[in-house]
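Count the sequence shown with full-length UniProt numbering and you get residues 1 to 109, in order.
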Amino acid sequence: MATGGSAPIKMLHDRVLVEVDQEAGERRSSGGIVIPATAAMGARRLAWSRVIAVGPHARAVEVGDRVLFDPEDKSEVEVHGEVYVVMRERDVHAVAAERLEGGSTGLYL
């Protein structure tokens, strides 16, 4: 991953770097009510993000995949004004990618 003019970033081991979804903030209920990101939820809510970089030992996740993870267990890093999340591959709950359609039965949670 290039960081826009400075040294490139290489993820190590099984680490995964994902970009924080901008639309993950507020959302709408099925009735059309806007729910702000600061609203308390009864249960923990998992989040989807797009993979930007992976370490050499990541086996199930590739750059461009969308992954489901628990935002409570995240480590954020800012690179040139952009916020990213670094996590271990084992902290990913599910992977969504076009390449999985062939022999896969779908998402595993």
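Ideal placement from N, C-alpha and C gives every residue a C-beta, glycine not left out.
Buried or exposed by the 16-neighbour rule on C-beta atoms within 10 Å, applied to residue i
i   : result
A58 : buried
S49 : buried
Contact test: residue i Cβ vs the ligand GTP heavy atom, cutoff 8 Å
i   : result
L46 : As presented, the structure is devoid of all ligands, the ligand GTP included, so that no description of it is given.
Beta carbon of residue i nearer than 9 Å to that of residue j
i           : j   : result
residue 110 : R88 : It is not possible to answer for residue 110, since the shown part of the chain is limited to 1 through 109.
Cα-Cα separation between residue i and residue j, rounded to whole angstroms
i   : j   : result
M11 : R45 : 26 Å
Y84 : I52 : 9 Å
P8  : D91 : 24 Å
H93 : V77 : 21 Å
E82 : D73 : 19 Å
H80 : V86 : 16 Å
Best match in the options for proximity to residue i [C-alpha to C-alpha]
i   : options            : result
D70 : P8, I9, V20, D14   : V20
R99 : E76, S75, G64, H80 : G64
Own chain partners of residue i with C-beta closer than 6 Å, once the 5 adjacent residues on each side are dropped
i   : result
D14 : G55, H57, A58, R88, E89
8 Å Cβ shell around residue i - same chain, five flanking residues per side excluded
i   : result
A47 : D21, A24, L68, F69, D70, P71
Contact set for residue i: own chain, Cβ-Cβ below 7 Å, skip 5 residues either direction
i   : result
V95 : A60, V61, D65, V67
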